[in-house]
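K.L.:
Every position in the sequence shown, counted from 1, becomes a number in this note's numbering once 43 is added.
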Amino acid sequence: MGRDISLFADYRQKENSLTNYCGLLMKMLYEDSPRRFEELLATLLKTETNIIVGPAFTQQTKTARSIPDLAITQKAFSVFFETKTTDWFYEEQICRHIAGFNQTVDDKILFLLSNFENDNLECKFDKEIQEAKKHKIILRPLTFEDFVGSLEQVCRSDYLRNLLDEFKLYLDRNGYLPKWKY
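(1) Check whether the Cβ atoms of C138 and E174 sit closer than 8 angstroms, and answer yes or no.
(2) Along the chain, which unbroken stretches of the beta strand (DSSP E) at least 3 residues long are found entirely within the stretch 46 to 84?
(3) Quick check on this structure: which residue in S200, V191, K167 and K177 has the alpha carbon closest to the alpha carbon of P184?
(4) Using a Cβ-Cβ cutoff of less than 8 angstroms, which residues in the same chain neighbour G60 once the five nearest sequence positions on both sides are dropped?
(5) Which two residues bound the contiguous alpha helix (DSSP H) that contains K176?
(6) Where does V191 sit, in a helix, a strand or coil, going by DSSP?
(7) Classify F100: buried if its beta carbon has 16 or more other beta carbons within 10 angstroms, exposed otherwise.
(8) Can the beta-carbon of E209 be found less than 8 angstroms from the beta-carbon of T128?
(9) Does the Cβ of R204 lie closer than 7 angstroms to at least one heavy atom of the ligand ADP?
(10) Could you tell me which of R216, P221, N217 and L203 sits nearest to S76, measuring between CA atoms?
(11) So what does D150 bridge to, in DSSP terms?
(12) Spatial neighbours of Y133 within its chain, please: C-beta separation below 8 angstroms, excluding the five flanking residues on both sides.
(13) What is the DSSP secondary structure of T86, reduced to helix, strand or coil?
(14) Report yes if the CB atom of I94 is closer than 8 angstroms to the CB atom of E81, and no otherwise.
(15) Can you find the residues in the same chain that come closer than 6 angstroms, C-beta to C-beta, to A114, ignoring five residues on each side of it along the sequence?
What follows is the structure in structure tokens.
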């Protein structure tokens, strides 16, 4: 049974605690500014995908049968993260995540988040990326370093910057940032 993201998570497995902290930063960013959260998703994806977070307000938008003066609409999306403390993802689990998306959702994204041991992640996960595309899902392997870099681009308030600094220290203390690159 799922739990809400919380400051007071009591997970015993490091992987679950790490996922909670990543989610907590994104939740706080969203609460601070839905537009910044939208920017984060665009930065993490590094694609032309335009995910709109929150409602869009338009005037005189033609629909199939009318032209309302004001339309407030929301495009649905689902973003899943599979977080690992080591570079160990297995195909069966990824396929289950792909199958787990609600097919009526417009935009579906699956991030594989870890401290990967190499830089060529798209090649490593090519088979899974192609399978996800068949289901109109974006699958993106993501390092903690890239995750933090994207957060640094969109966290503009002092409060969020301070939280991000603490998160980077946590990642570094636990060996989740790539020392081998430097």
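Every residue gets a Cβ at the ideal spot worked out from N, C-alpha and C, and that includes glycine. Values in this document were obtained by computation on a predicted structure and should not be read as measured data.
P.N.:
According to the data block:
(1) yes
(2) The stretch 46 to 84 is shown to contain no whole beta strand (DSSP E) run of 3 or more residues.
(3) K167
(4) Here residue 60 turns out to be Ser, not Gly, going by the sequence shown. Result list for S60: A52 and Y54, in chain order.
(5) D169 to K177
(6) helix
(7) exposed
(8) no
(9) With respect to the ligand ADP, the structure shown offers nothing to examine, as it has no ligands at all.
(10) Of R216, P221, N217 and L203, the smallest CA-CA separation from S76 is found for L203.
(11) Per DSSP, F120.
(12) Correct list: empty, nothing qualifies.
(13) Correct three-state label for T86: helix.
(14) yes
(15) T101 and T104
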